[in-house]
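**Q** Supplied in C-alpha cells, the structure appears directly below.
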Amino acid sequence: MDVTETLAAPVKMPAVASRLDAGTKPTLIGLTREEMAEALKGVGVAERQLRMRVSQIWHWLYVRGVSDFDHMTNVAKDMRETLKAHFTIARPEIVEEQVSNDGTRKWLLRFPPRGAGRPVEVETVYIPEEGRGTLCVSSQVGCSLTCSFCHTGTQRLVRNLTAEEILSQLLLARDRLGDFPDRDTPVGAMMPAEGRKVSNIVMMGMGEPLYNFESVKTALLIASDGDGLSLSKRRITLSTSGVVPEIFRTGDEIGVMLAISLHAVRDDLRDMLVPINKKYPLKELMDACRKYPGLSNARRITFEYVMLKDVNDSLEDAKGLIQLLKGIPAKINLIPFNPWPGTNYQCSDWATIEKFADFINAAGYASPIRTPRGRDILAACGQLKSESERMRKTERLAFEAMMIANHGED
Ligand code: SAH
Ligand code: SF4
Numbered sequence: 001m002d003v004t005e006t007l008a009a010p011v012k013m014p015a016v017a018s019r020l021d022a023g024t025k026p027t028l029i030g031l032t033r034e035e036m037a038e039a040l041k042g043v044g045v046a047e048r049q050l051r052m053r054v055s056q057i058w059h060w061l062y063v064r065g066v067s068d069f070d071h072m073t074n075v076a077k078d079m080r081e082t083l084k085a086h087f088t089i090a091r092p093e094i095v096e097e098q099v100s101n102d103g104t105r106k107w108l109l110r111f112p113p114r115g116a117g118r119p120v121e122v123e124t125v126y127i128p129e130e131g132r133g134t135l136c137v138s139s140q141v142g143c144s145l146t147c148s149f150c151h152t153g154t155q156r157l158v159r160n161l162t163a164e165e166i167l168s169q170l171l172l173a174r175d176r177l178g179d180f181p182d183r184d185t186p187v188g189a190m191m192p193a194e195g196r197k198v199s200n201i202v203m204m205g206m207g208e209p210l211y212n213f214e215s216v217k218t219a220l221l222i223a224s225d226g227d228g229l230s231l232s233k234r235r236i237t238l239s240t241s242g243v244v245p246e247i248f249r250t251g252d253e254i255g256v257m258l259a260i261s262l263h264a265v266r267d268d269l270r271d272m273l274v275p276i277n278k279k280y281p282l283k284e285l286m287d288a289c290r291k292y293p294g295l296s297n298a299r300r301i302t303f304e305y306v307m308l309k310d311v312n313d314s315l316e317d318a319k320g321l322i323q324l325l326k327g328i329p330a331k332i333n334l335i336p337f338n339p340w341p342g343t344n345y346q347c348s349d350w351a352t353i354e355k356f357a358d359f360i361n362a363a364g365y366a367s368p369i370r371t372p373r374g375r376d377i378l379a380a381c382g383q384l385k386s387e388s389e390r391m392r393k394t395e396r397l398a399f400e401a402m403m404i405a406n407h408g409e410d
C-alpha cells in the first residue's frame, strides 16, 4: 500500500524563542539526580537546598513536561532566573512533522551542536495501536555496524546521541501528542500513569544502542523512574545486533526487555548478514541470552528474524531456529524485509513467510508475523525514506528499522 497517499503534507515548524539558547547552554534534561545536583551546586544553589530543588525540577521536567523555566510555578522567581541564566530545558527543533490518517506520526528533529560539532538530525516515529502506543527511539546518528540488509548500515556513524537527545525524543513525542498533564493541573495533583499515549518504547531506531551504553542507560532509567516519566521497564525493549559483552549489563543495570537481531541460525550466514557475528558468534550470543538477568517465561527475549528471499527463509532455517532457541524463554518476530534503493535482497514470498511461521507456531511460538497494519507501516517506511532523502542529502537518517514496528511488550 502506498501510504504516502494517507500522509498529510509535511508541516514546517516555527522557531521557538526558548530554543535560541539551546545550543549554547548546558541542558538539565537527561542528567541523573546526582548530576543535576552537581550542576545546581555549580551555579550557587545552597547545599541544603539541593535535594529539594532536584526533586522539584525533576517533577516539572518529567511529570509535568515543562520546557520553559517560567512554568515551574512553585520555584521562586530569583531561582528561576538563575536557572534560566545558566541552563536550558528546551526541546529539539521539529524540522518536520508528518501525521498519517491511521495516527502514525513521524518527526524529523534537529539537535543543536552543544559546543563543538554540527547539529544532528534524527527521526522518531510514533505508532498507535489498540491498547498501546509505541515510540521508536534512536540511539546513534548512523551506525558503525554494516548489516548487509539494513539501510542504516550503509551510512557511517556520525556520533552517539547523548542521554538528553535520547530522552528528548520521548519528551517531544509526549508534548506533541498532548500526553503531559494540562498546565492548569494543580501543583502536587496525582498524575495517572495509565492511559498514556506513549505506553511503550522500543530502542529500534537508528544505531546500535549497546555501542552507546551509558547514555542509553541514563535515558532509560530516567524514562522508567517512578517519580517522573514512570514507564514500566516491561514496556521498554532494547534491540541489539549482538554486542555480547554488554548484554548482561543491559539486564542487570537497566532491567529492560531484550530483543536480539538474529536473522540467521548458522555462523557462516550470520557473518554475512550481521557482521558483528564474526566477533561474537552464535554460541557466545546464545550463552549471553541464557544468562540474561530476570529471564523467565513471563519475561522472554524477542528474537527478530528478517525474511530474506532464498537467503534465510527455508524450512531448514526454521528448524535450525527452533533448535538454536531450545531452553531460552523466547518469542520470535518475523519481519518481512523492507527493501531500499540499491539493495540486492528481496522480501520472501508471503507463502514462504506463512510456511515458516506455521512451522514456528507448531513448535510452540505464537503470532510471529507482522500484521497487515505493520506491513502498511513497512510500506510507508520505504516511501518516507526516499522522500526525505531527496529533500536532504546530508546526515540523513535511515529509519526503516524503526518503522518495522517491532513493538515492545505489554
Ligand atoms: N541496531 C539495533 C537496533 C535497530 S534495528 C539492531 O540491529 O538490533 C531494528 C531492527 O530492524 C533490527 O532487528 C534490524 O535488524 C531490523 N532491520 C534493519 N533493516 C531492516 C530492513 N531493511 N528490513 C527489515 N528489518 C530491518
Ligand atoms: Fe546498525 Fe542495527 Fe542496522 Fe545492523 S541492523 S546496521 S546494528 S542499525
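Heads up: the sequence shown at position 373 corresponds to 373 in the working numbering, and the numbers run straight through without jumps. Ideal placement from N, C-alpha and C gives every residue a C-beta, glycine not left out.
1) Can you tell me whether Ile201 sits near the ligand SF4, meaning its C-beta is under 8 Å from at least one heavy atom of the ligand?
2) Please state if the CB of Tyr292 and the CB of Gly327 are separated by a distance shorter than 9 Å.
3) Buried or exposed: Gln98, going by 16 or more other Cβ atoms within 10 Å of its Cβ?
4) From this set, Glu208, Asn101 and Gly133, which residue's C-alpha is nearest Thr152's C-alpha?
5) Under 5 Å from any heavy atom of the ligand SF4, by CB: list those residues in chain order, please.
6) Using C-beta distances below 7 Å, list every residue in its chain close to Val265, excluding the 5 sequence neighbours before and after it, in chain order.
7) Please confirm whether Ile247 and Met307 have their CB atoms less than 9 Å apart.
8) Using DSSP's beta-bridge definition, name the partner residues of Met206.
9) Considering Asn361, what are the terminal residues of the alpha helix (DSSP H) in which it resides?
10) Can we count Asn74 as close to the ligand FMN, meaning its CB is less than 8 Å from some heavy atom?
11) Which same chain residues, not among the five before or five after Glu164, have their C-beta less than 6 Å away from its C-beta?
12) Quick check: the segment 199 to 208 against the segment 135 to 142, are at least 3 beta-carbon pairs closer than 8 Å?
13) Just the Cα atoms here: how many angstroms apart are Arg41 and Ala85?
14) Going by beta-carbon coordinates alone, are Thr218 and Met257 separated by less than 9 Å?
15) In the DSSP output, which residue or residues are listed as bridge partners for Ala330?
16) Given the structure, does Ile127 come close to the ligand SAH, in the sense that its CB is under 8 Å from one of the ligand's heavy atoms?
17) So for Glu38, helix, strand or coil by DSSP?
18) Excluding the 5 residues preceding and the 5 following Leu50 in the sequence, name in chain order all residues of the same chain whose CB lies nearer than 7 Å to its CB.
19) Expressed to the nearest angstrom, what Euclidean distance is found between the alpha-carbon atoms of Ala379 and Thr73?
20) Among residues of its own chain, excluding the 5 on either side of Asp102, which ones have a beta-carbon nearer than 6 Å to its beta-carbon?
21) Along the chain, where does the beta strand (DSSP E) containing Thr124 start, and where does it finish?
22) Are the CB atoms of Thr82 and Lys25 within a distance shorter than 9 Å?
23) Taking C-alpha atoms, which residue in Phe149, His71 and Tyr126 lies nearest to Tyr345?
24) Looking at the structure shown, is Ile29 part of a helix, part of a strand, or coil, going by DSSP?
25) Pull up the distance between the alpha-carbon of Asn297 and that of Tyr365, whole angstroms please.
26) Per the contact definition of three or more C-beta pairs closer than 8 Å, is the segment 115 to 126 in contact with the segment 162 to 179?
27) Using the Cα positions of Val95 and Gln169, report the straight-line distance between them to the nearest angstrom.
28) Rounding to the nearest angstrom, what Cα-Cα distance links Pro336 and Ser239 in this structure?
29) Please report the straight-line C-alpha distance between Ala46 and Arg300, rounded to a whole angstrom.
30) Determine whether the beta carbon atoms of Cys147 and Leu269 lie at a separation below 9 Å.
31) Measure the CB-CB distance between Ile222 and Thr32 and report whether it falls below 9 Å.
32) By how many angstroms is the C-alpha of Asp68 removed from the C-alpha of Asp310?
33) Which of the three DSSP states, helix, strand or coil, is assigned to Trp107?
34) What is the rounded straight-line gap between the Cα of Pro245 and the Cα of Ala90?
35) Suppose only complete runs of 4+ residues qualify. What are the alpha helix (DSSP H) ranges in the segment 56 to 97, listed by chain order?
**A** So, to answer that:
1) For the ligand SF4, not one heavy atom lies less than 8 Å from the Cβ of Ile201.
2) no
3) buried
4) Nearest to Thr152 by C-alpha distance, out of Glu208, Asn101 and Gly133, is Glu208.
5) Cys143, Leu145, Cys147, Cys150, Thr152, Gly153, Glu208 and Ser241
6) Asp317, Gly320, Leu321 and Leu324
7) Using a Cβ distance threshold of 9 Å, Ile247 and Met307 do not count as a contacting pair.
8) Beta-bridge pairing links Met206 to no other residue.
9) Trp350 to Ala362
10) Ligands present in the displayed structure are limited to the ligand SAH and the ligand SF4, and the ligand FMN is not among them.
11) Thr27, Ile29 and Gly30
12) yes
13) The sequence given here has Lys at residue 41, not Arg. When only Cα atoms are considered, Lys41 and Ala85 end up about 14 Å apart.
14) no
15) Ile301
16) no
17) helix
18) Ala37, Leu40 and Lys41
19) The predicted model places Ala379 with a pLDDT of 32, which falls under 50 and marks its position as unreliable; any figure quoted below should be read in that light. Whole-angstrom Cα-Cα distance: 46 Å.
20) none
21) Val120 to Glu129
22) no
23) Phe149
24) coil
25) 12 Å
26) yes
27) 13 Å
28) 17 Å
29) 47 Å
30) no
31) yes
32) 54 Å
33) In the three-state scheme derived from DSSP, where H, G and I count as helix and E and B as strand, Trp107 is classed as strand.
34) 35 Å
35) 77 to 86
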